[in-house]
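Protein chains: 2
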Amino acid sequence: MAEPIEFKRIGEGNLRAQVYQQIRQTIQRGELSPGQKLVDVDIAAQLGISRMPVRDALMQLVHEGYLVGTTRGFTLPTLTATDVADIFEVRRLLEPRAAAHAARTLDADGLKTLAAALQAAEAAATAGDAARFFQANSAFRNCWLGAVENDRLSQTIARFADHVLVVRLKTLSHQPTQAVIVAGMRAIYEAFVKRDAVAAYDRMTHFIQSAEERFMKLSQPQQLNDEAAPHQGKS
Amino acid sequence: MAEPIEFKRIGEGNLRAQVYQQIRQTIQRGELSPGQKLVDVDIAAQLGISRMPVRDALMQLVHEGYLVGTTRGFTLPTLTATDVADIFEVRRLLEPRAAAHAARTLDADGLKTLAAALQAAEAAATAGDAARFFQANSAFRNCWLGAVENDRLSQTIARFADHVLVVRLKTLSHQPTQAVIVAGMRAIYEAFVKRDAVAAYDRMTHFIQSAEERFMKLSQPQQLNDEAAPHQGKS
DNA sequence: CGAATTCAAACAGTATACACTATAGACTTA
DNA sequence: TAAGTCTATAGTGTATACTGTTTGAATTCG
Numbered sequence: 013m014a015e016p017i018e019f020k021r022i023g024e025g026n027l028r029a030q031v032y033q034q035i036r037q038t039i040q041r042g043e044l045s046p047g048q049k050l051v052d053v054d055i056a057a058q059l060g061i062s063r064m065p066v067r068d069a070l071m072q073l074v075h076e077g078y079l080v081g082t083t084r085g086f087t088l089p090t091l092t093a094t095d096v097a098d099i100f101e102v103r104r105l106l107e108p109r110a111a112a113h114a115a116r117t118l119d120a121d122g123l124k125t126l127a128a129a130l131q132a133a134e135a136a137a138t139a140g141d142a143a144r145f146f147q148a149n150s151a152f153r154n155c156w157l158g159a160v161e162n163d164r165l166s167q168t169i170a171r172f173a174d175h176v177l178v179v180r181l182k183t184l185s186h187q188p189t190q191a192v193i194v195a196g197m198r199a200i201y202e203a204f205v206k207r208d209a210v211a212a213y214d215r216m217t218h219f220i221q222s223a224e225e226r227f228m229k230l231s232q233p234q235q236l237n238d239e240a241a242p243h244q245g246k247s
Numbered sequence: 013m014a015e016p017i018e019f020k021r022i023g024e025g026n027l028r029a030q031v032y033q034q035i036r037q038t039i040q041r042g043e044l045s046p047g048q049k050l051v052d053v054d055i056a057a058q059l060g061i062s063r064m065p066v067r068d069a070l071m072q073l074v075h076e077g078y079l080v081g082t083t084r085g086f087t088l089p090t091l092t093a094t095d096v097a098d099i100f101e102v103r104r105l106l107e108p109r110a111a112a113h114a115a116r117t118l119d120a121d122g123l124k125t126l127a128a129a130l131q132a133a134e135a136a137a138t139a140g141d142a143a144r145f146f147q148a149n150s151a152f153r154n155c156w157l158g159a160v161e162n163d164r165l166s167q168t169i170a171r172f173a174d175h176v177l178v179v180r181l182k183t184l185s186h187q188p189t190q191a192v193i194v195a196g197m198r199a200i201y202e203a204f205v206k207r208d209a210v211a212a213y214d215r216m217t218h219f220i221q222s223a224e225e226r227f228m229k230l231s232q233p234q235q236l237n238d239e240a241a242p243h244q245g246k247s
């Protein structure tokens with residue numbers, strides 16, 4: 013199986029950073045199927061560069077939890093139900109506070125971007141376009157997270173949100189769930205517009221909670237094989 | 013200036029992991045002076061291995077925030093007052109909850125280890141032995157964090173706590189501050205012994221708060237040059 | 001026909017070599 | 001003597017080559 017994914021170098025800085033950005037975007041967009049295998053030498057050949065920068069990028073992604081390294085290439089991690097619950101716990105602790113910050117610091121530009129993302133999400137939900145919904149969801153989050161002045165806080169949130177997002181691809185394709193998500197986004201957006209930090213805090217709390225419940229409910233039938241596949245990761 | 017620090021390979025796994033552990037321990041113990049410069053090729057020569065594993069380890073540490081990469085070697089990051097405040101904000105959000113978990117899950121062995129660490133801290137405080145106090149403090153934290161079942165939560169905490177610990181070397185050498193810290197540790201320890209999750213939560217909240225206040229108060233005179241040295245980090 | 005054993009390909013880990021760039025410090029000049 | 005400029009060098013970034021280990025598949029044996 014050859015690489016079905018087209019990698020091309022993007023953006024700034026050294027090769028490692030470019031490759032890192034590229035692969036991370038690919039993962040964030042859900043363009044990497046769970047069984048898919050990433051091999052440094054293949055990607056390097058495709059980009060016309062040597063293994064080392066690609067390898068560095070892949071290892072960084074492994075360390076951030078975006079990938080797991082096996083003895084034969086790198087693949088997406090298979091999160092157990094416990095893993096997802098753990099991630100949601102951290103998000104529950106961090107995101108409400110971050111949202112409260114954003115309510116204070118979001119400027120007019122940011123609010124406009126949020127409004128656009130919200131509209132896109134609504135349109136995608138009614139049209140049943142999972143990919144667009146996915147993307148609008150990420151855009152919304154990235155926008156308000158960008159307004160959070162505590163970079164460590166926002167980056168930690170972004171990382172963990174990305175991890176579950178990969179798994180949530182199926183959940184987010186579910187129409188009723190999309191409706192719940194959109195409602196939550198709108199509630200949060202309105203708190204932002206009113207610059208109401210308390211409301212933003214509360215609504216974000218509720219949002220995360222309902223997102224988790226939705227996920228757990230929907231993934232129960234398929235079992236998401238908990239104890240079957242323990243943590244993973246080598247060395 | 014040659015390397016005043018002796019690196020030797022330790023522990024398990026591949027060379028990168030060994031070197032990583034070694035350097036991280038060195039940093040955690042405060043054995044790296046702020047101006048100190050780490051150069052991959054030097055460390056590699058000292059260990060009798062090639063640059064690559066050392067380089068990988070250093071880059072990982074940079075990515076985790078333990079070091080910053082400059083064009084001439086790697087050094088400790090110089091945290092501004094804002095940086096420290098940001099880190100403490102995240103810790104305030106995460107640690108109380110984690111402590112509540114630990115109150116449930118700590119076993120007899122863990123409690124014994126905590127008691128030992130607490131005693132060591134008290135002894136070091138009365139003796140005025142900053143290094144031992146430092147170490148006992150870390151041992152205490154690592155122990156209860158180890159009992160937290162949510163690995164992502166505990167690892168995130170450990171990382172951020174380490175970051176400020178490096179800066180807090182001076183603060184923790186201050187006798188009155190040591191007394192405050194020891195009192196907080198004892199209060200938390202007692203909550204653990206009673207398996208009182210609520211008390212653990214509350215006391216950890218108070219502990220973090222007082223630690224932050226202590227730090228901010230003590231570092232005010234030296235200014236800790238805020239706007240002077242912005243974020244740092246290259247590429 | 002199924003299970004154990006062997007073998008070779010695949011891929012990560014490590015080593016070495018070269019290229020490129022940013023800085024420290026010398027050197028110049030006012 | 002202080003400010004600007006220039007250059008040698010230190011040290012990262014990237015490339016290539018080699019090594020070791022895992023694993024999947026072929027092959028043999030029960």
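Residue numbers (this note's numbering), protein chains in the order written: chain A, 13 to 247; chain B, 13 to 247. We put the beta carbon where it would ideally sit given N, CA and C, even for glycine. For clarity, every value in this text was computed on a predicted model and none was experimentally measured.
Practice task
Mark P188(A) as exposed unless 16 or more other C-beta atoms lie within 10 angstroms of its C-beta, in which case mark it buried.
Solution key: Here residue 188(A) refers to the residue found at position 176 when the first sequence is read from its first residue. Answer is exposed; the Cβ neighbour count stays below 16.
Problem - DSSP three-state assignment for G47(B), whether helix, strand or coil - result: Here residue 47(B) refers to the residue found at position 35 when the second sequence is read from its first residue. The three-state secondary structure of G47(B), taken from DSSP, is coil.
Practice task
Figure out for me which residue from L177(A), R207(A), A209(A), K206(A) has the closest Cα to the Cα of A223(A).
Solution key: Working through the first sequence from its first residue, we reach residue 223(A) at position 211. The shortest Cα separation from A223(A) among L177(A), R207(A), A209(A), K206(A) belongs to L177(A).
Practice task
State buried or exposed for N26(B), treating a residue as buried only when at least 16 other CB atoms are found within 10 Å of its CB.
Solution key: Here residue 26(B) corresponds to residue number 14 of the second sequence, with the count starting at 1. Within a 10 Å sphere around the beta-carbon of N26(B) sit fewer than 16 other beta-carbons, which makes this residue exposed.
Practice task
Locate the alpha helix (DSSP H) running through K229(A), then write down its first and last residues.
Solution key: Residue 229(A) sits at position 217 when you count from the first residue of the first sequence. According to the DSSP assignment, K229(A) belongs to the alpha helix (DSSP H) that extends over 209 to 231.
Exercise for the section: Indicate whether the contact test is met: 3 or more Cβ pairs, each with one atom in the segment 88 to 107 of chain B and one in the segment 54 to 68 of chain B, closer than 8 Å. Expected result: No: fewer than three Cβ pairs fall under 8 Å.
Handout entry: Range of the contiguous alpha helix (DSSP H) that encloses T117(A)
Key = In the first sequence, residue 117(A) corresponds to position 105, counting from 1. Counting along the chain, the alpha helix (DSSP H) containing T117(A) begins and ends at 93 to 117.
Problem - Beta-carbon proximity of A87(B) to L50(B), cut-off 8 Å - result: For this step, residue 87(B) is matched to residue 75 along the second sequence. For this step, residue 50(B) is matched to residue 38 along the second sequence. The sequence given here places Thr at residue 87(B); Ala does not occur at that position. Yes, they are a contact pair.
Exercise for the section: Could you check what DSSP says for T90(B) in three-state terms: helix, strand or coil? Expected result: Taking the second sequence and counting its residues from 1, one reaches residue 90(B) at position 78. In the three-state reduction of the DSSP assignment, T90(B) falls in the coil class.
Handout entry: Closer than 8 Å to chain A by CB, M71(B)
Key = One-based indexing of the second sequence puts residue 71(B) at position 59. At least one chain A Cβ lies under 8 Å of M71(B).
Practice task
Would you mind sorting P89(A) into buried or exposed? The rule is 16 or more other CB atoms within 10 Å of its CB.
Solution key: Within the first sequence, numbered from 1, the residue matching residue 89(A) stands at position 77. Under the 10 Å beta carbon count, P89(A) is surrounded by 16 or more other beta carbons and is classified as buried.
Problem - Neighbourhood of E161(B) by C-beta, 8 Å cutoff - its chain only, sequence neighbours within 5 removed - result: Within the second sequence, numbered from 1, the residue matching residue 161(B) stands at position 149. Closer than 8 Å at Cβ, skipping near neighbours: H113, T117.
Exercise for the section: Pull out every residue of the segment 220 to 234 of chain A whose Cβ sits closer than 9 Å to any Cβ of chain B, in chain order. Expected result: Hits within the stretch: zero.
Practice task
Taking 8 Å as the threshold, find out whether the segment 184 to 202 of chain A comes into contact with the segment 129 to 138 of chain B through three or more Cβ pairs.
Solution key: Too few Cβ pairs lie closer than 8 Å, so no.
Practice task
Starting from L105(B), find everything on chain A with Cβ-Cβ shorter than 7 Å and list it in chain order.
Solution key: For the purposes of this step, residue 105(B) is taken as the residue at position 93 of the second sequence. Result: L105, L106, R109.
Problem - Reduced DSSP category for G140(A) - H, G, I as helix; E, B as strand; rest coil - result: Locating residue 140(A) in the first sequence gives position 128, counting from the first residue. Three-state DSSP puts G140(A) in coil, outside helix and strand.
Practice task
May I ask you to check if the CB of T217(A) is nearer than 7 Å to at least one heavy atom of the ligand SAM?
Solution key: Within the structure as shown, the ligand SAM is missing, as the structure has no ligands at all.
Handout entry: Opening and closing residue of the alpha helix (DSSP H) in which G196(A) lies
Key = Taking the first sequence and counting its residues from 1, one reaches residue 196(A) at position 184. It spans 187 to 205 - the alpha helix (DSSP H) in which G196(A) sits, taken as one unbroken run.
Exercise for the section: Would you kindly check if the distance between the Cβ of D141(A) and the Cβ of Q40(A) is under 8 Å? Expected result: Taking the first sequence and counting its residues from 1, the one referred to as residue 40(A) is at position 28. Taking the first sequence and counting its residues from 1, the one referred to as residue 141(A) is at position 129. When the beta-carbon positions are compared, Q40(A) and D141(A) stay at least 8 Å from each other.
Practice task
Under 8 Å by Cβ, that's how I've got F146(B) and L184(B) pegged, so tell me the actual separation to the nearest angstrom.
Solution key: As a working mapping, residue 146(B) is identified with position 134 in the second sequence. As a working mapping, residue 184(B) is identified with position 172 in the second sequence. Between F146(B) and L184(B) the beta-carbon gap is near 6 Å, inside 8 Å, which marks them as a contact.
Practice task
Please list the residues of the segment 154 to 176 of chain B that have a C-beta atom closer than 9 Å to any C-beta atom in chain A, keeping them in chain order.
Solution key: Under the 9 Å Cβ criterion, the segment 154 to 176 of chain B contributes E161, N162, D163, R164, L165, T168, F172, H175.
Practice task
Give the residues of chain A in contact with D52(B), contact being defined as C-beta atoms less than 7 Å apart.
Solution key: For the purposes of this step, residue 52(B) is taken as residue 40 along the second sequence, with counting starting at 1. Simply none; closest approach about 13 Å.
Practice task
Verify whether the separation of the beta carbon atoms of A148(A) and A129(A) is less than 8 Å.
Solution key: The sequence position of residue 148(A) within the first sequence is 136, counting from 1. The sequence position of residue 129(A) within the first sequence is 117, counting from 1. Their beta carbons are under 8 Å apart, which means A148(A) touches A129(A) by this criterion.
Handout entry: Closer than 8 Å to chain B by CB, V102(A)
Key = As a first step, residue 102(A) must be located in the first sequence, where it is residue number 90. At least one chain B Cβ lies under 8 Å of V102(A).
Problem - Contact set for A132(A): own chain, Cβ-Cβ below 6 Å, skip 5 residues either direction - result: As a first step, residue 132(A) must be located in the first sequence, where it is residue number 120. For A132(A), where only same-chain residues beyond five positions count, the Cβ hits under 6 Å are A148.
Exercise for the section: Using beta-carbon positions only, say whether F204(A) and L79(A) come within less than 8 Å of one another. Expected result: Counted from its first residue, the first sequence places residue 204(A) at position 192. Counted from its first residue, the first sequence places residue 79(A) at position 67. The answer is no: Cβ separation not under 8 Å.
Exercise for the section: Grab me the residues of L123(A)'s own chain with a C-beta within less than 7 Å of its C-beta, minus the 5 sequence neighbours each way, in chain order. Expected result: In the first sequence, counting from the first residue as 1, residue 123(A) sits at position 111. Non-local beta-carbon contacts of L123(A) in its own chain, meaning distances under 7 Å to residues more than five positions away in sequence, involve F204, V205 in chain order.
Problem - Alpha-carbon to alpha-carbon, R164(A) and I193(B) - result: Locating residue 193(B) in the second sequence gives position 181, where the first residue counts as 1. Locating residue 164(A) in the first sequence gives position 152, where the first residue counts as 1. Roughly 25 Å between the two C-alpha positions.
Practice task
Would you give the residue range spanned by the alpha helix (DSSP H) that R36(A) belongs to?
Solution key: The sequence position of residue 36(A) within the first sequence is 24, counting from 1. Run containing R36(A): 27 to 40, per the alpha helix (DSSP H) assignment.
Exercise for the section: For I169(B), count neighbouring C-beta atoms within 10 Å of its own C-beta (all shown protein chains included) and say buried if the count is 16 or more, exposed if not. Expected result: Counting from one through the second sequence, the residue named residue 169(B) turns up at place 157. I169(B) sits buried, since 16 or more C-beta atoms from the chains shown fall within 10 Å of its C-beta.
Problem - Residue-chain proximity (I39(A), chain B), Cβ-Cβ < 8 Å - result: Taking the first sequence and counting its residues from 1, the one referred to as residue 39(A) is at position 27. Cβ-Cβ to chain B under 8 Å: no for I39(A).
Practice task
Measure how close the beta-carbons of H75(B) and Q72(A) come, nearest whole angstrom, since I'm counting them as under 8 Å.
Solution key: Your numbering for residue 75(B) matches position 63 in the second sequence. Your numbering for residue 72(A) matches position 60 in the first sequence. Contact between H75(B) and Q72(A) holds, since their C-beta atoms are separated by about 6 Å, short of 8 Å.
Exercise for the section: Can you grab the Cα-Cα spacing for the pair V179(B) / A111(A), in whole Å? Expected result: In the second sequence, counting from the first residue as 1, residue 179(B) sits at position 167. In the first sequence, counting from the first residue as 1, residue 111(A) sits at position 99. When rounded, the distance between both Cα atoms is 29 Å.
Problem - Alpha-carbon to alpha-carbon, S166(A) and G158(A) - result: Position 146 of the first sequence holds residue 158(A). Position 154 of the first sequence holds residue 166(A). Taking the straight line joining both Cα atoms gives about 7 Å.
Handout entry: C-alpha gap between Q37(B) and E43(B), whole angstroms
Key = Your numbering for residue 37(B) matches position 25 in the second sequence. Your numbering for residue 43(B) matches position 31 in the second sequence. Distance between the alpha carbons of Q37(B) and E43(B): 9 Å.
Problem - Sequence-distant residues of the same chain with beta carbon closer than 8 Å to G171(B), five excluded per side - result: Counting from one through the second sequence, the residue named residue 171(B) turns up at place 159. Position check: residue 171(B) holds Arg in this sequence, whereas Gly was assumed. By the criterion of a C-beta distance shorter than 8 Å, R171(B) is surrounded in its chain by E76, G77, once the five residues flanking it on both sides are discounted.
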